[in-house]
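Chemist:
There are 2 protein chains.
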Amino acid sequence: MTELISVAQAEALVAEHMPSFGSESVPLAQAAGRILRQAVHAERDQPPFDRVMMDGIAIRWQEVLPLDFALAGVQLAGMAMQTLASGGACLEVTTGAILPAGCDCVIPIEHLQREGDRYRTVEGYQPARGQFIHSRGSDCVAGELLLEPGAIIGAPEIALLAANGFAHVDVARIPSIAIVSTGDELVDVDSPLGEGQIRRSNDIAVGTALQLRGLARLTFEHVTDDEAATRATLTRVLAAHDVVILSGGVSMGQRDYVPTALEALGARRVFHRIAQKPGKPMWFGVGPDAQVIFGLPGNPVSALVCAIRYVCPALLSAMGLSHARPETVCLAAAMDTHAMLCSFVPAHVHTDLQGLAMAHPVPSRTSGDFSSLPRTHGVVQLPPGLGPVPAGTAVEFYRW
Amino acid sequence: MTELISVAQAEALVAEHMPSFGSESVPLAQAAGRILRQAVHAERDQPPFDRVMMDGIAIRWQEVLPLDFALAGVQLAGMAMQTLASGGACLEVTTGAILPAGCDCVIPIEHLQREGDRYRTVEGYQPARGQFIHSRGSDCVAGELLLEPGAIIGAPEIALLAANGFAHVDVARIPSIAIVSTGDELVDVDSPLGEGQIRRSNDIAVGTALQLRGLARLTFEHVTDDEAATRATLTRVLAAHDVVILSGGVSMGQRDYVPTALEALGARRVFHRIAQKPGKPMWFGVGPDAQVIFGLPGNPVSALVCAIRYVCPALLSAMGLSHARPETVCLAAAMDTHAMLCSFVPAHVHTDLQGLAMAHPVPSRTSGDFSSLPRTHGVVQLPPGLGPVPAGTAVEFYRW
């Protein structure tokens, strides 16, 4: 039996053995949700010209304003720059247009009355010099750093990429991941159930956790509890994937063929068993071509806890995601800690009226019980050996 | 000019005019992230049989235990139920197996030594009656309600669906959405820029906000500032979509053809202009075949604020998503409120060491400034007329 290592040691060892999965260039329309892998600088000043901010007229400001302005032309959004020749005249302008040469003030249409070819301001209206002009370069100047590598590309990021001419963008390549379930007792979701059999669910649950984090290059395999079959399947998936995730077959039993099959194929065990509950039997290693291999326990809650605590953060971090700090929540109830093992306890989290994230523990009835998990949002991490911890204690939280 | 309505009135009017977009049955492998539209009951007891929780041997418990047990057979996971005939014998068992008939105790392999055809317990080991047995029905019983409609299908939900035989599942149909940008000044991301032109970015930014919430049935169109072209495009997109989102063309200008074109096509205006900043010019209406139509302002920050404040929550709620309560955060700095308008201020949100979500406002330099948005996570909503609000005030928060 191997030594138990701590959660922090397991996390560090996984990170240490993670490859970079590289980057790829994708069309902007496919970049949503991806991890940015390049710096983005401003293509030009923003706005690129003194920009009209309201529909109305552009004029040359004077201390004492004329009562009306002769309409001398139009400057619509998208048009090349027009010029206002006379100080007593005006140009019609629309939002987004270049401010015409010779103008330094925009009067919105709400404050104007049109009379034939002239615009008259409503009585008592006093515009300010420079009003409703979004000055060239006031948001950013050409060359300014707008985005750093490591961000997830959401709506604000994609707006900047589009506005600055990035038709393609470098993003983290998504590693190809095989999820291999093991166990003679497991049948497909649509198969008849024999005596002693249950339906396969860990593989798709772990796959969903990955997919909802953008890790969607997934293939699924199943092997029975047979040494030769286990070895043949592992050979095949190791040849074709960056990451192999195994569900089950990593406990201490004589028929847990996964660790021995992996080692026979040239995979190197980095650790086996973590001082935690659930999830103690987790196995982690590196394949002959630097593939990373996660052996998750077969218990549904354990498999999911190990997937969200180790697999997902490590992959996203290796892909270059920055700021992947765990969430902090506040315990809504006092809890006991285990003397030797780090506990992961399912919890319902809600934000109270002050903005405080309160975690209500929903302990599983047994370590195999996943029927209560949908009432929860993830697990709180309770380090070992703290004795009883009071309500109000801040703890790390990992979302499903 | 139409009356300004409040944010709460706008939200209620949008909700009131939203259709149900129906449901559809999808294979389980495509259900991740979708909104569940059916109740899910347990197919059978969980566990479906008294289930062995450890690899080892199963025995019949006795007050005074024999020193060793004759091996009488095996009960592997997936096998039909075996029977232990003699009280002094044992069956080898693996995790997940049915507890053999005649047994009421499992001894893990760690506490055993094998000697030929016998298993001997390590010295001083005292098992408890019933240990390491996960009793039939202890997690849930057949017919028990496991999932209610309205949940987003994440890892725990998909595990239960798979375990209970749902090869297909009823989920909310995703409405088909057209995003139509307007404006002569706008060019494609990969086009050369003429004088007075800028690149189109609002459409893809709004599309990204939708897509990252699972609203991914999107088509994009662009129309120039031309009344006939606007009308032709709107006719076409209204015929083919449940939802039409317009970016720009809804201000007060003479060349804002969108509201008049929509009304000419039989669309009914529900409201135009909300007492908020930014986003005041927003238009909302209903098409001739009950399509919902959102006219977002052309300003990048305004368009995105209206998309995340009105469009996304309304669509998700109409699709049946439950618990779509806004987030609450705590202001990290004192802020002023506007006398008449609800302010939406971009903010960086981080969770402090106690689990409290602190919002640091990052005001835009101008209302057209989106270059600073990537440093923020969304907008805080500051109701009008509160005067200065102190740091520590709890406010609603809407994520990008």
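These protein sequence lines are chains D and C, in that order. Residue numbering for the first sequence follows numbering that gives the first Met the number 0, beginning at 0 and increasing consecutively. Residue numbering for the second sequence follows numbering that gives the first Met the number 0, beginning at 0 and increasing consecutively. We put the beta carbon where it would ideally sit given N, CA and C, even for glycine.
1) Closest to arginine 119 of chain D by C-alpha separation, out of D:Ser371, D:Pro382, D:Leu66 and D:Pro389, would be which residue?
2) Is arginine 119 of chain D close to chain C? Criterion is C-beta to C-beta, closer than 7 Å.
3) Give the interface partners of tryptophan 282 of chain D over in chain C, defined as CB-CB distance under 9 Å, in chain order.
4) For my contact list, alanine 84 of chain C and aspartate 116 of chain C are in at a C-beta cut-off of 8 Å; report their separation, rounded to the angstrom.
5) Looking at the strands, I want to know which residues DSSP matches up with glycine 294 of chain C.
6) How do the region 304-322 of chain D and the region 160-173 of chain C stand: do at least 3 beta-carbon pairs fall below 8 Å, yes or no?
7) What's the C-alpha gap between serine 200 of chain C and aspartate 288 of chain D?
8) Which same chain residues end up closer than 7 Å to histidine 349 of chain D when comparing Cβ atoms and leaving out the 5 residues on each side of it in sequence?
9) Which residues mark the beginning and the end of the alpha helix (DSSP H) in which threonine 259 of chain D is found?
10) Who are the Cβ neighbours of serine 19 of chain D in its own chain at under 7 Å, not counting the five residues just before and after it?
11) Taking buried to mean at least 16 other C-beta atoms within 10 Å of its own C-beta, is valine 140 of chain C buried or exposed?
12) Can you check which of these residues, D:Gly77, D:Leu98 and D:Ile106, is closest to leucine 64 of chain D by C-alpha distance?
13) Cβ closer than 8 Å: which chain D residues qualify as neighbours of isoleucine 203 of chain C?
14) Whole angstroms are fine: how far does the CA of histidine 167 of chain C sit from the CA of leucine 27 of chain C?
15) Does DSSP classify leucine 70 of chain C as helix, strand or coil?
16) Can you tell which of D:Ser137, D:Leu111, D:Asp138 and D:Ile132 has the C-alpha that lies nearest to the C-alpha of cysteine 125 of chain D?
17) Measure from the C-beta of methionine 78 of chain C to each C-beta in chain D and report whether the shortest distance is under 7 Å.
18) So what does DSSP say about glutamine 130 of chain D, is it helix, strand or coil?
19) Which residues of the region 306-334 of chain C have a Cβ closer than 7 Å to any Cβ of chain D? Give them in chain order.
20) Just grab the DSSP bridge partners of leucine 41 of chain C for me.
21) Which residues in chain C sit within 7 Å of glycine 129 of chain D, going by Cβ to Cβ distance?
22) Which partner residues does glutamate 91 of chain C have in the DSSP bridge list?
23) Please tell me whether arginine 135 of chain D and proline 46 of chain D are closer than 7 Å, where the distance is taken between their beta carbons.
24) Would you please verify whether the beta carbon of glycine 213 of chain C is less than 7 Å from any beta carbon of chain D?
25) Assign glutamate 401 of chain D to one of two classes, buried (16 or more other C-beta atoms within 10 Å of its C-beta) or exposed (fewer than that).
26) Which full runs of the beta strand (DSSP E) of 3+ residues lie inside the region 192-225 of chain D, going along the chain?
27) Are the beta-carbon atoms belonging to glycine 294 of chain C and valine 236 of chain C less than 7 Å from one another?
28) How about arginine 268 of chain C and glycine 284 of chain C: are their beta carbons less than 7 Å apart?
29) With a cut-off of 7 Å, does the C-beta of proline 362 of chain D fall near any C-beta of chain C?
30) Assuming proline 107 of chain C is part of the beta strand (DSSP E), what are its boundary residues?
31) Nearest-angstrom Cα distance between leucine 261 of chain C and valine 205 of chain C?
32) At a CB-CB cut-off below 8 Å, which residues of chain D make contact with alanine 150 of chain C?
33) Would you kindly work out how many angstroms separate the C-alpha atoms of threonine 229 of chain C and valine 222 of chain C, rounded to a whole number?
34) In this structure, how does DSSP classify arginine 364 of chain C when only helix, strand and coil are distinguished?
35) Over the uninterrupted alpha helix (DSSP H) stretch that includes glutamate 23 of chain C, give me the two end residues.
36) Determine which residues share a DSSP beta bridge with proline 345 of chain D and list them.
Modeler: Straight from the coordinates:
1) D:Leu66
2) no
3) Within 9 Å Cβ-Cβ: nothing; tryptophan 282 of chain D doesn't reach chain C, min ~15 Å.
4) Actually they are not in contact, since the Cβ atoms of alanine 84 of chain C and aspartate 116 of chain C sit about 15 Å apart, beyond 8 Å.
5) C:Leu245 and C:Trp282
6) no
7) 42 Å
8) Met357
9) 257-263
10) Ala317
11) exposed
12) D:Ile106
13) Leu27, Ala28, Ile157, Ala158 and Ala161
14) 5 Å
15) strand
16) According to the sequence displayed, residue 125 of chain D carries glutamine and not cysteine. Nearest C-alpha to glutamine 125 of chain D: D:Leu111.
17) yes
18) coil
19) Glu326, Thr327, Val328 and Cys329
20) The sequence shown places alanine at residue 41 of chain C, not leucine. Per DSSP, none; premise fails for alanine 41 of chain C.
21) Correct list: empty, because the minimum Cβ distance to chain C is about 12 Å.
22) C:Ile56 and C:Val73
23) yes
24) no
25) With chain D running from 0 to 399 in the structure shown, residue 401 of chain D is simply not present.
26) 217-222
27) no
28) yes
29) no
30) 104-107
31) 21 Å
32) Pro373
33) 6 Å
34) coil
35) Unbroken run through glutamate 23 of chain C is the beta strand (DSSP E), 22-26; no alpha helix (DSSP H).
36) D:Val378
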